[in-house]
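According to the UniProt record's numbering, the sequence shown is numbered sequentially starting from 1.
Just below is one structure, and these are the notes that go with it.
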Amino acid sequence: MITHKQRRTEKGFCFKHYYKWILCFSLTLYFLVSFFVDHDQEEDHPLSSSSSSRSNPLLTNPKPKLLASHAVFESKIHDSTLEFSPRRLNIKTDVFNNLKIYVYDLPSKFNADWLANERCSNHLFAAEVALHKALLSIEGDVRTKNPYEADFFFVPVYVSCNFSTINGFPAIGHARSLIKEAIGLVSAQYPFWNRTSGSDHVFIATHDFGSCFHTMEDRAIADGVPEILRNSIVLQTFGVTFKHPCQEVENVVIPPYISPESLHKTQKNIPVAKTKERDIWVFFRGKMEIRPKNISGRFYSKRIRTEIWRSYGGDRRFYLQRQRFTGYQSEIARSVFCLCPLGWAPWSPRLVESVVLGCVPVIIADGIRLPFPSAVRWSEISLTVAERDVEKLGEILEHVAATNLSVIQRNLENPSVRQALMYNVPPRDGDATWQIMEALSKKLNRSIRRSNAFI
Ligand SMILES: *[C@@H]1O[C@H](CO)[C@@H](O)[C@H](O)[C@H]1NC(C)=O
Ligand SMILES: *[C@@H]1O[C@H](CO)[C@@H](O)[C@H](O)[C@H]1NC(C)=O
Ligand SMILES: *[C@@H]1O[C@H](CO)[C@@H](O)[C@H](O)[C@H]1NC(C)=O
Ligand SMILES: *[C@@H]1O[C@H](CO)[C@@H](O)[C@H](O)[C@H]1NC(C)=O
Ligand SMILES: *[C@@H]1O[C@H](CO)[C@@H](O)[C@H](O)[C@H]1NC(C)=O
């Protein structure tokens, strides 16, 4: 029940946030333009070559054809997912079986201090920041300020923002100790950790191998999920359908962070309205090694990307680019098919960008587990090509184009699938934060509050 008083405070809350938001937006826009859009998982990877310089946009980006009516397209986005007015979400606890989450207020060294670097809230691992902000922006309902009535406890530690001074990539070597320290703190100061050994505590792990907190798979596997986290729930971008040490913990696969503002901007600037008029047939931009390096027995993307380049580098139907380019989202918006091959890890930010910008994702990452399968019917909005079939990609895509492409494209237009992959602050109905709450509401048998109530 919402009383009048609550409504008033809600409005006040909204209003205050509106100003903060304007300020925040103007600041971030500048940085987004200069940095974020240029960001890319594999280029981000510590082991990728940092010499790959930005390409000359004039050479690599053929002028987009101005295709459809701007107005038509605009009204379409505004009606769907990417409108970003500071409208508040109306999350009602009854949707989530009266779920209550408590967010620990940790000392700023665990989270807020890192935000001094603007990149911290914008790069592709920034779901750790976005989710925290989103949860804090919920007043009442799902978020409780009374830990004694909470089902779950969110521990907000940002581990992805210690950017290397050498190459600018996030160094996560400190992640385990930072998390351990945070747990030490909450277990000493509050009674909740000890009573369940953390099984009702929720963490987020957004880098390549999720809760293993290492960027190289061998090391990640050898280290495994930190002992101290093994009882808890981890929200992570990493997920595979087979047994893997980096998911030996209760987990929820979540999408990587892509800034809603950057996507909104892309949509606004490149008015490719009708999918039929997309002028690039197959698109991929990213690291494709011509002579792949053997890094302690492993090859980047299991050499799949090398194979893509070898087989289709000279094929006019394929628009393949190896350099970074700030405007790559606009290329996605102009493409029919967008390749989403594995990097070091199976998941890719391209998946989210492709879906939101209406390009059919072609997933090449055997055994990948995709986020929120109950909200996003991936088989209806994407294509999956087995790693071993990558040299038949042209044939496979021709076949789809001749048969069910329009069905897939129509499914892809569903605003709710786009919404499910975006983190908004404050959260919105059906968006990524909402889906996480939904997933947590399915794990309420871990809640002490409930077991006490029902025994
Ligand atoms: C950040 O990373 C560097 C290099 O990996 C490490 O030496 C440093 O301790 C880390 N900083 C924090 C605050 O953990
Ligand atoms: C929780 O357990 C740890 C380790 O046994 C102990 O040091 C700590 O004081 C306990 N916390 C509380 C709130 O009792
Ligand atoms: C890659 O290097 C490892 C040693 O680090 C070696 O055992 C392996 O045979 C090499 N693989 C290939 C395909 O060259
Ligand atoms: C479209 O066709 C491809 C290949 O024939 C198939 O793998 C895929 O499941 C189909 N997708 C839909 C949504 O019908
Ligand atoms: C909660 O339920 C799931 C199945 O829905 C089960 O696998 C799990 O063991 C249960 N956990 C507890 C703590 O009872």
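The C-beta atom is built at its ideal place from N, Cα and C for all residues, glycine as well.
Just so it is clear, the structure is predicted and the values come from calculations on it, not from any experiment.
Asked	Found
Verify whether the separation of the beta carbon atoms of Ile-138 and Pro-346 is less than 8 Å.	no
Any heavy atom of ligand 7 closer than 7 Å to the beta-carbon of Leu-178?	Because ligand 7 does not appear in the structure shown, any question about it cannot be addressed here, the ligands present being ligand 1, ligand 2, ligand 3, ligand 4 and ligand 5.
So, with DSSP's three-state summary, where would you put His-201?	strand
Could you name the residues, in chain order, whose CB is less than 6 Å away from a heavy atom belonging to ligand 4?	Ser-379, Glu-380, His-399, Val-400, Thr-403, Asn-404, Val-407 and Ile-408
What residues come near ligand 5, if near means a beta carbon less than 6 Å from any of its heavy atoms?	Asn-445 and Arg-446
How many whole angstroms separate the CB atoms of Arg-316 and Ile-270, which I take to be in contact at a CB cut-off of 8 Å?	Their Cβ separation, rounded to whole angstroms, is 22 Å, which puts Arg-316 and Ile-270 out of contact at 8 Å.
Strictly by DSSP, which residues pair up with Pro-361?	Cys-338
Say yes only if the C-beta of Pro-427 is nearer than 7 Å to one or more non-hydrogen atoms of ligand 2, and no if none qualify.	no
Alpha carbons only, please: which of Ile-254, Ser-232, Cys-359 and Asn-231 is nearest the one belonging to Val-240?	Ile-254
Take Val-234 and list the residues in its own chain whose beta-carbon comes closer than 6 Å to its own, dropping the five residues that flank it on each side.	Phe-203, Ala-205, Ser-211, Val-249 and Asn-251
Excluding sequence positions up to five away, which residues of its chain have a Cβ less than 6 Å from the Cβ of Gln-236?	Ala-205, Gly-210, Ser-211 and Asn-251
When the Cα atoms are used, what is the spatial distance from Glu-201 to Leu-444?	According to the sequence as given, residue 201 is His; it is not Glu. Between His-201 and Leu-444, the C-alpha separation is close to 12 Å.
Could you pull out every residue in the same chain whose Cβ sits closer than 6 Å to the Cβ of Arg-303, ignoring the five residues on either side in sequence?	Pro-292
Between the segment 400 to 411 and the segment 434 to 453, can you find at least three pairs of beta-carbon atoms closer than 8 Å?	no
Quick check: does the Cβ of Gly-313 come within less than 7 Å of any heavy atom belonging to ligand 1?	no
Would you say Phe-284 and Leu-339 are within 8 Å of each other, going by their C-beta atoms?	yes
Helix, strand or coil for Ile-368 per DSSP?	strand
Alpha helix (DSSP H) containing Glu-250: first to last residue?	No alpha helix (DSSP H) contains Glu-250, which is instead part of the beta strand (DSSP E) from 250 to 253.
How many Å lie between Arg-450 and Ser-441 at the Cα?	12 Å
Going straight from the alpha carbon of Pro-371 to that of Gly-394, what length do you get?	27 Å
Name, in chain order, the residues that DSSP records as bridge partners for Arg-143.	Ile-101
Where DSSP assigns a beta bridge to Leu-185, which residues make up the other side?	Per DSSP, none; premise fails for Leu-185.
For a test of the three-state rule: what should DSSP assign to Phe-325, helix, strand or coil?	coil
Please specify which runs of the alpha helix (DSSP H), each continuous and at least 4 residues long, are wholly inside the segment 386 to 440, giving them in chain order.	393 to 402, 405 to 412 and 415 to 420
Are at least three pairs of beta-carbons, each pair with one atom in the segment 139 to 156 and one in the segment 106 to 115, less than 8 Å apart?	yes
What residue from Thr-144, Tyr-102, Gly-327 and Trp-193 has the CA that sits closest to Phe-267's CA?	This sequence places Gln at residue 267; Phe is not what is there. Ranking the options by Cα distance to Gln-267, first place goes to Gly-327.
With distance defined between alpha-carbon atoms, name the residue in Ile-280, Trp-344 and Ser-330 nearest to Phe-299.	Trp-344
Contact between the segment 416 to 425 and the segment 220 to 235: three or more CB pairs below 8 Å?	no
For Asn-294, which three-state DSSP category applies?	strand
Considering only the beta carbon of each residue, do Leu-421 and Val-360 sit closer than 8 Å?	no
According to DSSP, which residues form a beta bridge with Thr-384?	Ile-363
Taking the beta carbon of Asn-452 as the centre, do at least 16 other beta carbons fall within 10 Å, making it buried, or is it exposed?	exposed
Given a cut-off of 8 Å on the beta-carbon distance, is the pair Ser-379 and Ile-363 in contact?	no
Taking the alpha carbon of Lys-243 as the reference point, which residue from Val-407, Arg-369 and Asn-424 has its own alpha carbon closest?	Arg-369
Over what stretch of residues does the beta strand (DSSP E) that includes Phe-152 continue unbroken?	152 to 154
For the alpha helix (DSSP H) holding Phe-284, just list the boundary residues, first then last.	Where Phe-284 is concerned, there is no enclosing alpha helix (DSSP H), although the beta strand (DSSP E) it sits in stretches over 280 to 285.
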